[in-house]
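Right, one structure below, let's go through it.
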Amino acid sequence: MNEIKHVDSVFRLLKQEITKYDRPIVSRSKWDVIVNTPFTTLISCILSLRTKDEVTEQASIRLLKNYNTPEKLVKLSEKQIVSLIYPVGFYKTKAKTIKEISKTIIDIYEGQVPDKFDELLKLKGVGRKTANIVMVYGHKKHGYLPIDTHCHRIPNRLGWIKTKSPEETEITLKKNLPEDYWNDFNHLVVTFGQKICVPVSPLCSKCPIESYCEKISVKNSR
Ligand code: SF4
Numbered sequence: 000m001n002e003i004k005h006v007d008s009v010f011r012l013l014k015q016e017i018t019k020y021d022r023p024i025v026s027r028s029k030w031d032v033i034v035n036t037p038f039t040t041l042i043s044c045i046l047s048l049r050t051k052d053e054v055t056e057q058a059s060i061r062l063l064k065n066y067n068t069p070e071k072l073v074k075l076s077e078k079q080i081v082s083l084i085y086p087v088g089f090y091k092t093k094a095k096t097i098k099e100i101s102k103t104i105i106d107i108y109e110g111q112v113p114d115k116f117d118e119l120l121k122l123k124g125v126g127r128k129t130a131n132i133v134m135v136y137g138h139k140k141h142g143y144l145p146i147d148t149h150c151h152r153i154p155n156r157l158g159w160i161k162t163k164s165p166e167e168t169e170i171t172l173k174k175n176l177p178e179d180y181w182n183d184f185n186h187l188v189v190t191f192g193q194k195i196c197v198p199v200s201p202l203c204s205k206c207p208i209e210s211y212c213e214k215i216s217v218k219n220s221r
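The sequence shown begins at 0 in numbering that gives the first Met the number 0 and counts up by one.
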């Protein structure tokens, strides 16, 4: 039985808490001189996979400052892309992926990032999490719930759900979490998961939602 308790209080407290920190880059509307578009959201999300947020941010700025459309980006060689995005994780593979995605968007989608979830999934290197991020933070659409490792771990710790994978978490939360909360869920929970409810030894003594948390599977905390 999945029961999402005290959701209003939890969201209110998380919103207050994350004002102390920077939002993850993919969910910001603007960073440095770059205004986020569906394309910049998509590319920064690809760069963010297995990479720390600070590294993603700097690599995204270096790449997208001058190459913020598929038409501009496709003109770069893979080597040039590598030199701009290094040291993100898997930078060689990502350079290849980014170039291929840019080409596909030009050839098949007339230069526009598709705004249909199933079409996004057809792009190279794009899985459910990235497609959901682009729908919510790029296209500003409702009805999508991007789930990464933080968004999977924290509702399980809270005792809201009992799931084994991010995919199962997405399905279960969509059934049980009222849709009004979906659009804020990812950036609230990711920021909170990076700063307080970290994977190993969460900072429970500093946690604003401790009184609402069942601390499921939390063995050590600070
Ligand atoms: S009390 Fe601890 S485990 Fe629960 S949400 Fe807060 S930091 Fe995470």
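Backbone N, C-alpha and C define an ideal beta-carbon position, used for all residues, glycine too.
By a beta-carbon distance limit of 8 Å, Ser43 does not contact Asn185. Their separation comes to about 14 Å.
Annotated as distal: Ile132 and Pro113, with beta-carbon spacing of 8 Å or more.
For Val199, the three-state secondary structure derived from DSSP is coil. The distance from the Cβ of Pro165 to that of Lys115 is about 21 Å, inconsistent with a contact at the 8 Å cut-off. In this structure, the C-beta of Arg156 approaches the ligand SF4 to less than 7 Å from one of its heavy atoms. Counting C-beta atoms within 10 angstroms of its own C-beta, Leu122 has 16 or more neighbours from the protein chains shown and is therefore classed as buried. In terms of Cβ geometry, Asn155 and Thr162 form a close pair [threshold 8 Å]. For the pair Asn182 and Tyr143, the Cα-to-Cα distance works out to about 7 Å. Asp106 is the residue among Val9, Pro23, Gly124, Asp106 whose C-alpha sits nearest the C-alpha of Val73. Here Lys93 is buried, its C-beta having at least 16 other C-beta atoms within 10 Å. Val34 is bridged by DSSP to Lys29. Placement of the Cβ of Pro201 at a distance of less than 7 Å from at least one heavy atom of the ligand SF4 is found. Exposure of Gly110 is indicated by the presence of fewer than 16 other C-beta atoms within 10 angstroms of its C-beta.
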